[in-house]
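Presented below is the structure to which this report refers.
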Amino acid sequence: MARSNKPIVWGPFATGGTLTAFVTPALVVVTLLAALGAVPDLLAYERLHALAAHGLAKVAIAGVVFLSLWSAAHRLRITCYDLGIRADTLVATIVYAAALAGTGASVFYLLRI
């Protein structure tokens with residue numbers, strides 16, 4: 280029986296999609312509340328900088344970014360195939376490289392904090 284690499288692709292895709300589905304609405308609500316002045320100190324620069332400077336928060340932020348970008352890349356790859364773009368290897372290389380570059384950029388900037 281042939282072995283498949285689908286679990287390696289589908290695992291982070293499903294995790295990233297689920298995580299993004301839960302985190303994005305919460306970020307929208309918190310951002311709107313802060314913009315309306317309901318929680319003035321919640322998104323203060325000093326508080327968010329202190330949070331992002333913590334090692335565990337850096338790992339969590341990088342994980343959320345990686346899973347969200349991987350999910351988006353996989354979804355874009357499948358959408359391109361559905362739209363008739365049959366160069367799957369090229370599309371996969373481009374979208375996953377972009378997800379990897381975005382993750383690398385987030386890790387780079389997190390390490391500078």
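Just so you know, the sequence shown maps onto residues 280 to 392 in our numbering. Each residue gets a CB set at the ideal place from its N, CA and C atoms; glycine is no exception.
Legend entry - Val-338, buried or exposed, once every other Cβ within 10 Å from all chains shown has been counted against 16: exposed
Legend entry - Ser-385, enclosing alpha helix (DSSP H) - first and last residue: 367-390
Legend entry - Span of the alpha helix (DSSP H), counted from its first residue to its last, around Val-309: 285-314
Legend entry - Element boundaries [alpha helix (DSSP H), containing Asp-361]: 334-361
Legend entry - Nearest-angstrom Cα separation, counted from Ser-350 out to Thr-299: 9 Å
Inset, instruction - Answer with buried or exposed for Leu-348, where buried requires no fewer than 16 other C-beta atoms within 10 angstroms of its C-beta. - result: buried
Legend entry - Residues near Ile-356 by beta carbon distance below 6 Å, same chain, minus five either side: Checking the displayed sequence, the identity of residue 356 turns out to be Arg instead of Ile. Within the same chain, Arg-356 has close Cβ partners Val-370, Ala-371, Val-374.
Legend entry - Under 7 Å between C-beta atoms of Ala-332 and Ile-392: yes
Legend entry - Alpha-carbon to alpha-carbon, Ala-313 and Pro-319: 6 Å
Inset, instruction - Determine the contact status of Gly-295 and Leu-346, defining contact as a CB-CB distance below 7 Å. - result: yes
Legend entry - Cβ-Cβ distance between Ala-378 and Ala-352 below 7 Å: yes
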